[in-house]
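For reference, the structure discussed in these notes is given below.
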Amino acid sequence: MSGKPPDLTVDIGPLKLKNPVLTASGTFGYGQEFNDLVDPAMLGGIVVKGLSLRPRPGNPPPRIVETPCGMLNAIGLANVGLEAFLKEKVPWLQKLHTLVVVNIYGNSIDEYGAVAAGLRGVDVVDAVEVNISCPNVKDGGMAFGTDPDITARVTEEVLKNCDKPVFVKLSPNVTDIVSIARAAESAGAHAVSLINTLTGMSIDIERRVPTLGNISGGLSGPAIRPVALYMVYQVVRSVGIPVIGGGGIMDYRDALEFLIAGARAIQVGTANFVKPRVSLEIIDGLRKYCRDRGIAEIEEIIGTLNT
Ligand SMILES: Cc1cc2nc3c(=O)[nH]c(=O)nc-3n(C[C@H](O)[C@H](O)[C@H](O)COP(=O)(O)O)c2cc1C
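This is the structure we're talking about:
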């Protein structure tokens, strides 16, 4: 083949990504924390920490514990809130020259809409990712993302208030993720991303107390990869909108599994804590995989699983 490097660009609805590698929400901050190690301009994009209308302190410590092949976190969606985000983080994000996705959440459907409305006209924000994994206080504490009707209502509310493409981020803590993905699609979502963390706990056997201050937390890392991959596989076959896949991706081989299953882009989360430059290594690995096999465009790989 010619010396031309493989084309890694992918489309997610109306967005064009330089390559299919995004950093996952909550694991890469606003890019600031990784600035000396990773040039965000090299990435397909970054998904910033979950943003709420008002600042949130998060859960009591301890908030993170290691588990076999992964970690449990109960950060509790701590964040600066919309006002400080616009004042303090947006000027920083403007310098990054990368695609910026803002992950949002609310305690009510109206609050989701209000956060989306607050981002209207903010040029640096390329897309909004709606985290529907948090508890819906008004409807009895069940997460928004466990009910197809509520998923659709949240999606509609965000779309009504938003001037960007909307991704809905699905929770794996459900019986049938396909019905939730279809609800998001029917409500007009431009893409779905999956998976968020799986709920779990761990116990300190000396003190006989939960290790996490919040009792339960979200499991992430390689332990969840097979679950995530199967959910992505199922959702890809069931919806027409783009699917962004992730969960336990540690290297380019893991990323390829998700792309072959049909994800059009991938998110790297926990791996950033282990190896801050991992997302760049994944991009290099994808490029080499394509080059070594004479594949001119990464698009040629997406959704090519033989079953
Ligand atoms: C410390 C931490 C914080 C996270 N914060 C968020 C968040 O604010 N919003 C969200 O939608 N997902 C959040 N996540 C979930 C990740 O974005 C990702 O979906 C999940 O960890 C699975 O991917 P991984 O196994 O590659 O980490 C968080 C995960 C971790 C580990």
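With the sequence shown counted from 1, adding 827 to any position gets you our numbering. Backbone N, C-alpha and C define an ideal beta-carbon position, used for all residues, glycine too.
> Shortest alpha-carbon distance to Val928 belongs to which of Leu849, Thr854, Gly1073?
Replying inline: Along the sequence shown, one-based indexing puts residue 928 at 101. The residue among Leu849, Thr854, Gly1073 with its C-alpha nearest the C-alpha of Val928 is Leu849.
> Looking only at its own chain, which residues have a Cβ that is under 8 Å from the Cβ of Pro832, when we skip the five neighbours before and after it?
Replying inline: Sequence index remark: in the sequence shown, residue 832 carries index 5 (1-based). A distance below 8 Å between beta-carbons, with the five flanking residues on each side excluded, links Pro832 to the following residues of its chain, in chain order: Arg1114, Arg1118.
> Which first and last residues belong to the alpha helix (DSSP H) in which Gln1094 is found?
Replying inline: Position 267 of the sequence shown, counted from the first residue, corresponds to residue 1094. No alpha helix (DSSP H) contains Gln1094, which is instead part of the beta strand (DSSP E) from 1092-1095.
>> Can you tell me where the beta strand (DSSP E) holding Ser852 begins and where it ends?
In response: By 1-based counting over the sequence shown, the position of residue 852 is 25. Counting along the chain, no beta strand (DSSP E) covers Ser852, and no H or E run does either.
> Residues in its own chain within less than 7 Å of Pro884 by CB, not counting five upstream and five downstream?
Replying inline: As a working mapping, residue 884 is identified with position 57 in the sequence shown. Answer for Pro884: Ala905, listed in chain order.
> Is the beta carbon of Val1095 within less than 7 Å of some heavy atom of ligand 1?
Replying inline: By 1-based counting over the sequence shown, the position of residue 1095 is 268. Yes.
>> Checking the sheet assignment: what are the DSSP bridge partners for Lys843?
In response: Here the question's residue 843 lines up with position 16 in the sequence shown. Beta-bridge partners of Lys843 (DSSP): Asp838.
>> Which same chain residues end up closer than 8 Å to Pro983 when comparing Cβ atoms and leaving out the 5 residues on each side of it in sequence?
In response: If you number the sequence shown from 1, residue 983 lands on position 156. Looking at the sequence provided, one finds Glu at residue 983 rather than Pro. If we look at Glu983 and ignore the five residues flanking it on each side, its Cβ neighbours are Ala1014, Gly1015.
> In terms of residue numbering, what span does the beta strand (DSSP E) encompassing Val1019 cover?
Replying inline: The count along the sequence shown starts at 1 and reaches residue 1019 at position 192. Per DSSP, Val1019 belongs to the beta strand (DSSP E) from 1018-1021.
>> Does the contact criterion of 3 or more C-beta pairs under 8 Å hold for the segment 949-956 versus the segment 914-924?
In response: Because the criterion of three Cβ pairs below 8 Å is met, the segment 949-956 and the segment 914-924 touch.
> Touching or not, the segment 1072-1082 and the segment 1044-1056, by the rule of three or more beta carbon pairs under 8 Å?
Replying inline: Verdict: yes, contact present.
>> Any heavy atom of ligand 1 closer than 7 Å to the beta-carbon of Gly972?
In response: By 1-based counting over the sequence shown, the position of residue 972 is 145. Incorrect: Gly972 has no Cβ contact closer than 7 Å to ligand 1.
> Can you list, in chain order, the residues of its chain whose CB lies under 7 Å from that of Arg1064, leaving out five sequence neighbours each side?
Replying inline: Here residue 1064 refers to the residue found at position 237 when the sequence shown is read from its first residue. Cβ neighbours of Arg1064 beyond the five flanking positions: none.
> Straight-line CA distance for Glu956 to Pro975?
Replying inline: Position 129 of the sequence shown holds residue 956. Position 148 of the sequence shown holds residue 975. The straight-line gap from Cα to Cα measures roughly 17 Å.
> Between the Cα of Val1059 and the Cα atoms of Asp1031, Leu1021, Ile1051, which residue gives the shortest distance?
Replying inline: Residue numbering aside, residue 1059 sits at position 232 when the sequence shown is read from its first letter. Ranking Asp1031, Leu1021, Ile1051 by Cα distance to Val1059 puts Leu1021 first.
> Between Glu1033 and Ala1123, what straight-line distance do the alpha-carbon atoms span, to the nearest angstrom?
Replying inline: Working through the sequence shown from its first residue, we reach residue 1033 at position 206. Working through the sequence shown from its first residue, we reach residue 1123 at position 296. Rounded to the nearest whole angstrom, the C-alpha separation of Glu1033 and Ala1123 is 57 Å.
>> Per the DSSP calculation, Pro1037 is bridged to which residue(s)?
In response: The residue labelled residue 1037 in the question sits at position 210 within the sequence shown. Residue pairing for Pro1037: DSSP places it in a beta bridge opposite Ile1030.
> Taking 7 Å as the cut-off, does the CB of Ser852 come closer than this to any heavy atom belonging to ligand 1?
Replying inline: Position 25 of the sequence shown, counted from the first residue, corresponds to residue 852. The answer is yes for Ser852.
> Who are the Cβ neighbours of Asp834 in its own chain at under 6 Å, not counting the five residues just before and after it?
Replying inline: For the purposes of this step, residue 834 is taken as the residue at position 7 of the sequence shown. Within the same chain, Asp834 has close Cβ partners Glu1124.
> Hey, how far is the Cα of Asn988 from the Cα of Leu997?
Replying inline: Residue numbering aside, residue 988 sits at position 161 when the sequence shown is read from its first letter. Residue numbering aside, residue 997 sits at position 170 when the sequence shown is read from its first letter. Going by the C-alpha atoms only, they are around 20 Å apart.
> Val917 by DSSP, collapsed to three states: which one?
Replying inline: Here the question's residue 917 lines up with position 90 in the sequence shown. Three-state DSSP puts Val917 in a helix.
> Does the segment 1089-1103 come close enough to the segment 860-867 to have 3 or more Cβ pairs within less than 8 Å?
Replying inline: Result yes; three or more Cβ-Cβ pairs closer than 8 Å.
>> One question on the structure: do Ile1051 and Thr1038 come within less than 8 Å of each other, judged by their Cβ atoms?
In response: Numbered from its first residue, the sequence shown carries residue 1051 at position 224. Numbered from its first residue, the sequence shown carries residue 1038 at position 211. One thing to note: Ile1051 has its Cβ no nearer than 8 Å to the Cβ of Thr1038.
> Taking the DSSP output, what are the residues bridged to Val929?
Replying inline: Indexing the sequence shown from 1 puts residue 929 at position 102. Residue pairing by DSSP puts Val929 in a beta bridge opposite Val875, Val955.
> Hey, would you say Leu844 sits closer than 8 Å to Thr836, going by beta carbons?
Replying inline: Walking along the sequence shown from the start, residue 844 turns up at place 17. Walking along the sequence shown from the start, residue 836 turns up at place 9. Cβ distance < 8 Å, so Leu844 and Thr836 count as in contact.
>> For Glu1108, which residues in the same chain have their Cβ closer than 8 Å to its Cβ, ignoring the five residues on either side in sequence?
In response: One-based indexing of the sequence shown puts residue 1108 at position 281. Scanning its chain for C-beta atoms nearer than 8 Å, with the 5 sequence neighbours on each side dropped, one finds around Glu1108 the residues Asp1078, Tyr1079, Lys1102, in chain order.
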